[in-house]
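Each residue of the sequence shown is one higher than the last, beginning at 466 in the working numbering.
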Amino acid sequence: AITSTNLGYLYSKIELYGDAIANFEKALTIWERKYSGPHPTKGFVFFSLGQTHEKMKDLTAAKRFYEKALATYRESYRSK
């Protein structure tokens with residue numbers, strides 16, 4: 466999952482957005498098997514998906530992933 470997240474980040478940086486999204490989704494699938502509930506690593510992947518969609522000018526999808534990231538972080542960290 467960590468490798469897929471890192472690959473997704475790198476692909477996003479070099480503007481290969483399809484590959485970035487595929488790797489982030491793969492990472493998310495792995496993290497969801499490991500952590501059934503909210504977890505910060507899942508929040509990071511949601512945030513990364515939001516950034517990638519924002520770079521692609523798909524603001525609707527970007528907002529959806531940013532909201533998932535925020536909700537995941539709030540559930541994970543509570544009042545921190």
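All C-beta atoms, glycine included, are put in the ideal place defined by N, C-alpha and C.
Annotation for I467: A492 place their beta carbon closer than 8 Å to its own, counting only its chain and skipping 5 residues before and after. Going by C-alpha positions, S513 is about 7 Å away from Y474. Note on geometry: alpha-carbon atoms of Y482 and L535 lie some 22 Å from one another. One alpha carbon belongs to F511, the other to Y542, and they sit about 16 Å apart. Its Cα nearest to that of E519, the residue E480 stands out among T494, E480, N471 and P505.
Secondary structure note for D484: its alpha helix (DSSP H) is the uninterrupted segment Y482 to K499. Contact annotation: S477 and T517 have beta-carbon atoms nearer than 7 Å.
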